[in-house]
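Have a look at the structure below, then the notes.
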């Protein structure tokens, strides 16, 4: 076997070990619960549980003080680009986002082993659109 082949095998083994070490089947179950709701799955942003630790579910969110909600809304609804934050269309889009986020929160909190939610900005989602949150 060549050094390159051994390197690739070692790299794959390390990635599999990392995944197995960090995999939480309960987090997957909570995400499966969210994915069963047609209203949530048809929304352009998919709320996800990232971690569950001692009753606290960490969930992804496109909302944060680091990124304007208008930045997110203009991605999922390009027609809102350059609209004022107090325009009726932007206000409606903000209410729609809040509704979906609240619904995802309630669904996860309905589980007996979840006591609270902590939101975490989904930097990866923004990066997928060329927006690097740490640049703000």
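In this note's numbering, the protein residues as written are 1 to 136. Every residue, glycine too, gets a C-beta built ideally from N, C-alpha and C.
Distance between beta carbons of residue j and residue i, contact taken as under 8 Å
i: residue 137; j: residue 126; result: The chain is shown only over 1 to 136; residue 137 falls outside these bounds and no answer can be derived.
i: residue 39; j: residue 103; result: 7 Å
i: residue 90; j: residue 80; result: 6 Å
Environment of residue i [buried if 16+ CB atoms lie within 10 Å]
i: residue 62; result: buried
i: residue 75; result: buried
i: residue 16; result: Any answer about residue 16 is weak, because its pLDDT of 49 lies below 50 and its placement is not dependable; what the coordinates show is given next. Classification for residue 16: exposed.
i: residue 73; result: buried
i: residue 32; result: exposed
i: residue 57; result: buried
i: residue 4; result: exposed
i: residue 122; result: buried
For residue i, the nearest candidate out of the options (CA to CA)
i: residue 44; options: 101, 132 and 106; result: 101
i: residue 51; options: 65, 24, 39 and 34; result: 24
i: residue 54; options: 70, 60 and 113; result: 113
i: residue 59; options: 91, 106 and 130; result: 106
i: residue 78; options: 5, 3, 129 and 8; result: 129
i: residue 27; options: 132, 41 and 109; result: 109
i: residue 132; options: 42, 87 and 71; result: 71
Host beta strand (DSSP E) of residue i (start-end)
i: residue 56; result: 56-61
i: residue 117; result: 116-121
i: residue 49; result: 49-53
heavy atom of the ligand HEM below 7 Å from residue i C-beta
i: residue 77; result: As presented, the structure is devoid of all ligands, the ligand HEM included, so that no description of it is given.
Where the alpha helix (DSSP H) containing residue i begins and where it ends
i: residue 34; result: 25-35
i: residue 40; result: 38-41
i: residue 99; result: 88-109
i: residue 133; result: Run containing residue 133: none; DSSP gives neither H nor E here.
i: residue 71; result: 69-76
query = Are there three or more Cβ pairs, one per stretch, closer than 8 Å when the region 89-100 is compared with the region 114-122?
reply = They do not touch, by the three-pair rule.
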